[in-house]
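Asks: This is the structure, below, for whatever I ask next.
In our numbering, the protein residues as written are 568 to 827.
Below, the structure is given as structure tokens:
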């Protein structure tokens with residue numbers, strides 16, 4: 568099978584570029600129009616995350632056909648009811664055929680049922696990411712204690728890099744997570760409202776070299792182009808100059824998606 572994940576040259580000298588670290592293009596009514604608008608706004612790179620086996624092929628196809636789009640395949644905790652026998656092997660086969668495809672979106676969510684099943688599926692996917700040396704993109708809602716327990720039990724079988732998407736955990740844990748699990752932290756629009764001081768505290772506590780920005784479209788923003796405005800708002804909250812953030816956020820996302 569053709570490699571569906573395109574290697575390309577990054578043009579870091581183009582400081583106007585933005586990298587949307589988390590999106591679901593396959594869920595958009597017209598992702599091609601959204602991609603064109605993103606390009607015009609300066610959003611040149613996007614990680615497109617699958618949520619269940621039924622959209623893996625679509626995500627791969629979008630990445631194949633659109634330069635700068637990176638595929639991540641996995642089973643989201645909201646989709647435990649879609650699991651069918653042999654899903655693990657099918658995921659491994661696609662990763663083996665496409666050496667740079669990531670694992671995502673995976674994780675745990677206390678707002679959904681079957682936490683024991685969620686944990687088992689999450690652990691399996693972490694192990695698969697470790698086996699194939701792929702970064703993993705993780706969703707966590709009100710499940711940090713259990714998620715951290717899973718990480719600890721996965722010692723020696725963790726992915727080489729982990730992205731905590733739309734991060735909103737405990738700010739005090741960020742240094743430990745970054746050091747012990749090579750974790751990056753991506754922030755969506757939930758950091759913007761003034762009534763979310765916990766998320767803003769996380770943003771401020773995140774080391775500059777582990778910071779990413781995301782749209783999480785179409786769930787938390789209408790389209791990838793939304794990250795341009797979010798970078799401006801992140802600058803105000805974090806205290807970092809916008810020009811610096813543009814460069815750093817792009818370079819950090821570039822470092823995350825690259826092998827090695």
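Quick reminder that beta carbons are idealized off the backbone N, C-alpha and C, glycines included.
Suppose contacts are defined by Cβ-Cβ distances below 8 Å. Is residue 695 in contact with residue 650 by that definition?
Replies: For residue 695 and residue 650, no; Cβs fall outside 8 Å.
Asks: For residue 620, collect the residues of the same chain with a Cβ closer than 6 Å to its Cβ; drop the 5 residues on either side in sequence, then sort them by chain order.
Replies: Here the set comprises 654.
Asks: Are there three or more Cβ pairs, one per stretch, closer than 8 Å when the segment 599–615 is compared with the segment 635–647?
Replies: With the cut-off at 8 Å, the segment 599–615 and the segment 635–647 touch.
Asks: Using a Cβ-Cβ cutoff of less than 8 Å, which residues in the same chain neighbour residue 834 once the five nearest sequence positions on both sides are dropped?
Replies: In the structure as shown, the chain starts at 568 and stops at 827, and residue 834 therefore has no counterpart that could be examined.
Asks: Take the Cβ of residue 762 as the centre, count every other Cβ of all protein chains shown within 10 Å, and call the residue buried at 16 or more, exposed below.
Replies: By the neighbour-count rule (16 or more Cβ atoms within 10 Å), residue 762 is not buried but exposed.
Asks: Nearest-angstrom Cα distance between residue 747 and residue 719?
Replies: Roughly 10 Å between the two C-alpha positions.
Asks: Per DSSP, what kind of secondary structure is residue 571 in: helix, strand or coil?
Replies: Reliability fails at residue 571, whose pLDDT of 44 lies under 50, so the model's placement of it is uncertain and the value that follows must be treated cautiously. Looking at residue 571 - three-state DSSP - the assignment turns out to be coil, as it is neither helix nor strand.
Asks: If we ignore side chains and look at the alpha-carbon of each, how far apart do residue 672 and residue 808 end up?
Replies: So the alpha carbons of these two residues sit roughly 30 Å apart.
Asks: Return the Cβ separation of residue 703 and residue 726 in integer angstroms, given the expectation that the two are a contact with Cβ distance under 8 Å.
Replies: Indeed they touch by this definition, with Cβ atoms about 4 Å apart.
Asks: Please state whether DSSP places residue 805 in a helix, a strand or coil.
Replies: Helix at residue 805.
Asks: Could you name the residues of the same chain whose beta carbon sits closer than 7 Å to that of residue 646, not counting the 5 residues immediately before and after it, in chain order?
Replies: Around residue 646: 618, 619.
Asks: What is the residue span of the alpha helix (DSSP H) that residue 586 lies within?
Replies: Here residue 586 belongs to no alpha helix (DSSP H); instead the beta strand (DSSP E) covers 585–590.
Asks: For residue 652, which option in 688, 625, 773, 767 has the closest C-alpha, if you only look at C-alpha atoms?
Replies: Closest by alpha carbon: 688.
Asks: Would you kindly check if the distance between the Cβ of residue 593 and the Cβ of residue 642 is under 8 Å?
Replies: For residue 642 and residue 593, no; Cβs fall outside 8 Å.
Asks: Just checking my contact of residue 805 with residue 791 at CB under 8 Å: how many whole Å lie between their CB atoms?
Replies: With a Cβ gap of about 21 Å, residue 805 and residue 791 do not count as contacting.
Asks: Taking the alpha-carbon of residue 728 as reference, which of 684, 825, 599, 606 has the nearest alpha-carbon?
Replies: Cα-wise, what sits closest to residue 728 is 825.
Asks: If we require 3 or more residues per run, which beta strand (DSSP E) segments fall completely within the segment 663–733?
Replies: 669–676, 703–708, 729–731, all fully within the segment 663–733.
Asks: Does DSSP put residue 617 in a helix, a strand or coil?
Replies: The answer is coil: DSSP assigns residue 617 none of H, G, I, E or B.
Asks: Do residue 730 and residue 751 have their beta-carbon atoms positioned less than 8 Å apart in this structure?
Replies: Yes, Cβ-Cβ distance for residue 751 and residue 730 is below 8 Å.
Asks: Pick from 738, 692, 780, 774: whose alpha carbon is nearest that of residue 799?
Replies: The residue with the shortest Cα to Cα distance from residue 799 is 780.
Asks: My assumption, with CB atoms under 8 Å, is that residue 678 sits in contact with residue 708. Please give the rounded CB distance.
Replies: Rounded, the Cβ-Cβ distance is 6 Å, consistent with contact.
Asks: Leaving out the 5 sequence neighbours to the left and right, which residues in its chain are closer than 7 Å to residue 741 when beta-carbon positions are compared?
Replies: Taken in chain order, the residues that qualify are 752, 769, 772, 773.
Asks: Alpha carbon to alpha carbon, what distance is there between residue 700 and residue 822?
Replies: Approximately 14 Å between the Cα atoms of the pair.
Asks: For residue 750, which of helix, strand or coil comes out of DSSP?
Replies: Correct three-state label for residue 750: strand.
Asks: Does DSSP put residue 755 in a helix, a strand or coil?
Replies: Here residue 755 sits in coil by DSSP.
Asks: Check whether the Cβ atoms of residue 735 and residue 766 sit closer than 8 Å, and answer yes or no.
Replies: It is a contact, given that the beta carbons lie within the stated cut-off.
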